Each structure stands twice: as structure tokens, then as C-alpha cells.
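Written out below as C-alpha cells is the structure these notes cover.
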Amino acid sequence: FKKQIDFLTGDPEGDTLPHLTPREHQVMTHLCRGALDKEIAEMLQISSWTVHNHLKNIYEKLGVQNRTEAVMEYLQK
Numbered sequence: 002f003k004k005q006i007d008f009l010t011g012d013p014e015g016d017t018l019p020h021l022t023p024r025e026h027q028v029m030t031h032l033c034r035g036a037l038d039k040e041i042a043e044m045l046q047i048s049s050w051t052v053h054n055h056l057k058n059i060y061e062k063l064g065v066q067n068r069t070e071a072v073m074e075y076l077q078k
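In the numbering used here, each residue carries its 1-based index in the sequence shown increased by 1.
Here is the structure:
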């Protein structure tokens, strides 16, 4: 139950993916909610290029190839 609350509030503290940075957790939270790169960039006040770089790093850390796999892996942890 705590995992769902942490996800909904965007709180990575209770997360079981400690190898992701706090910013990567923020990106994943928005990605899981269906946001596009441009929308994530606007919400986090960063460039779309920075979002792209965060996603590239997240994919590598999670061992996935795309957004869908990243979301599925993130939600399973």
C-alpha cells in the first residue's frame, strides 16, 4: 500500500529502485502517468533534451529498450 501512495505522491523514498536518481524517479513518475517528453520537461522545468538523456540513463539502469518496458519494470519494483 505504501508503494502506491509513494507513487501517487511522487515520493521516491519508499521506492525499491535506489539506483535511480531522485530526478530519474520524477521523470518515471510523469512517464507512468502518460506524459510526453515535452510535458515532462515543462513540469520539471528542464529541456526536452535533458528528459531524453534521463530516459536513456533510466533504460540502461532498468535494462529495458523503450518507454513501455521502462514503465512496466518501474511499476513492478
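Glycine is no exception: its CB is placed at the ideal position from the N, C-alpha and C atoms. Quick caveat: nothing in here was measured; it's all calculated off a predicted structure.
Is residue i buried or exposed, if buried means 16 or more other CB atoms sit within 10 Å of its CB?
i: residue 30; result: buried
i: residue 25; result: buried
i: residue 21; result: buried
I'd like the list of long-range same chain contacts for residue i, defined as Cβ closer than 8 angstroms, with 5 residues on each side in sequence excluded.
i: residue 74; result: 63, 64 and 65
i: residue 28; result: 41, 45, 52, 55, 56 and 59
Can the beta-carbon of residue i be found closer than 9 angstroms to that of residue j?
i: residue 71; j: residue 32; result: yes
For residue i, collect the residues of the same chain with a Cβ closer than 7 angstroms to its Cβ; drop the 5 residues on either side in sequence, then sort them by chain order.
i: residue 49; result: 38, 39 and 42
task = List in chain order: all unbroken alpha helix (DSSP H) runs of 4+ residues lying wholly within the segment 23 to 64.
result = 23 to 33, 38 to 45 and 49 to 63
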